[in-house]
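Residue numbers (my numbering): 20 to 296.
Built from N, CA and C at the ideal position, the CB exists for glycine as well.
Notes to accompany the following structure.
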Ligand SMILES: C[S@@+](CC[C@H](N)C(=O)[O-])C[C@H]1O[C@@H](n2cnc3c(N)ncnc32)[C@H](O)[C@@H]1O
């Protein structure tokens, strides 16, 4: 079975994989994905390119822990998820809020909590408050797929390659490691396109305009090192201005934003793909 993202993630790129794939360079060294989220493009690349060397990371420590737990302890994780599933079927509402309030210590329980909440919460959204506490309400599902066993095994098996490094760190750290010919795919949290736009906090630290400027500077440094850089972002003037000069090529693509609390706003819109090759 082909592995797919094991979480639904705001800004996830599952629907855009075909267009991202068309925009990948033909050859590259190590693949870097420092804003990993659900890893839609990662799983595509790993499926297409046997033995690909990768360095994947994210600042959300619970999410990163989920990747390593699925890799190392998938059997125990499935047992724990089955337990959540059984309790949820008895009384979904009270059990959901009980798990949401809980703060488990073990790696397995932390990961099964994250996956359980992701499968059963409103819109499969990951959002935390300023204290880092998950605060999404219960979703309206009659029969959520809490334990997707086949996919968890596929993900576990593909991540076991010794050529894949998984880290929790800020995106700028890729600069230290990436070398000439490596591919860096950057999919940061988007700046809200308007004051009323839905805004998502993946971690208790928001991605601010100054982070975006830091990212633009990083892209220039990666380019001068000879790395291949591919960046996704919102179709905003701020972003277009930051990448208006050589070597950046901007491709406007049609996307469908599937996570929005207002279903009327879940319509097609444009995003930018920016690359230096
Ligand atoms: C748009 S999502 C990535 C979605 C991903 N491409 C997918 O297909 O699911 C952005 C990710 O960046 C992470 N993030 C936010 N600030 C970060 C930072 N300073 N360094 C690294 N990762 C960060 C968030 O935790 C989130 O998972």
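Query: Do you know offhand how far residue 84's Cα is from residue 62's?; Result: 17 Å
Query: Determine the DSSP secondary structure at residue 256, reduced to helix, strand or coil.; Result: helix
Query: Run the CB neighbour count on residue 236, radius 10 Å, all protein chains shown included, and call it buried at 16 or more, exposed below.; Result: exposed
Query: Which residue comes first and which comes last in the alpha helix (DSSP H) that contains residue 238?; Result: 228-243
Query: What's the gap between the Cα of residue 92 and the Cα of residue 127?; Result: 7 Å
Query: State the DSSP-derived secondary structure class of residue 272, mapped to helix, strand or coil.; Result: strand
Query: Less than 7 Å between the beta carbons of residue 33 and residue 178, yes or no?; Result: no
Query: If you compare alpha carbons, which of 251, 94, 248, 208 is closest to residue 173?; Result: 94
Query: Among residues of its own chain, excluding the 5 on either side of residue 57, which ones have a beta-carbon nearer than 6 Å to its beta-carbon?; Result: 24, 26, 28, 31
Query: Of all the options 53, 67, 36, which has the alpha carbon lying nearest to the alpha carbon of residue 46?; Result: 67
Query: Evaluate residue 258 with the Cβ neighbour count: other Cβ atoms within 10 Å of its Cβ, from every protein chain shown; 16 or more gives buried, anything less gives exposed.; Result: buried
Query: In angstroms with no decimal places, state the Cα-to-Cα distance between residue 221 and residue 199.; Result: 31 Å
Query: If you draw a straight line from the alpha carbon of residue 289 to that of residue 271, how long is it in whole angstroms?; Result: 6 Å
Query: Taking residue 204 as part of the beta strand (DSSP E), name the residues at either end of that continuous run.; Result: 202-205
Query: Can you list, in chain order, the residues of its chain whose CB lies under 7 Å from that of residue 104, leaving out five sequence neighbours each side?; Result: 165, 166
Query: On the DSSP letters alone, give me the boundaries of the alpha helix (DSSP H) that residue 51 sits inside.; Result: That residue, residue 51, is in no alpha helix (DSSP H); its beta strand (DSSP E) goes 50-52.
Query: For residue 140, I'd like the list of residues in its chain whose CB is within less than 6 Å of its CB, leaving aside the five on either flank, ordered along the chain.; Result: 155, 158
Query: On the three-state DSSP scale, how would you describe residue 24?; Result: coil
Query: Does DSSP put residue 247 in a helix, in a strand, or in coil?; Result: strand
Query: If you reduce the DSSP assignment to three classes, tell me which class residue 217 lands in.; Result: Any reading at residue 217 must be qualified, since the residue scores a pLDDT of 48, below 50, and its modelled position is unreliable; the value itself is stated next. Residue 217: coil per DSSP, three-state reduction.
Query: I need the boundaries of the alpha helix (DSSP H) containing residue 64, first residue and last residue.; Result: 59-67
Query: Please identify the residue among 183, 147, 268 whose C-alpha is closest to the C-alpha of residue 120.; Result: 147
Query: Tell me, which residues are paired with residue 290 by DSSP?; Result: 253, 272
Query: Just confirm the distance between the C-beta atoms of residue 50 and residue 234, as a whole number of angstroms; I'd bet it's less than 8 Å.; Result: That belief does not hold up - the Cβ atoms of residue 50 and residue 234 are roughly 18 Å apart, past 8 Å.
Query: Near residue 254, what residues of its chain come up, given a Cβ to Cβ distance below 6 Å and the 5 sequence neighbours on each side ignored?; Result: 289, 290, 291
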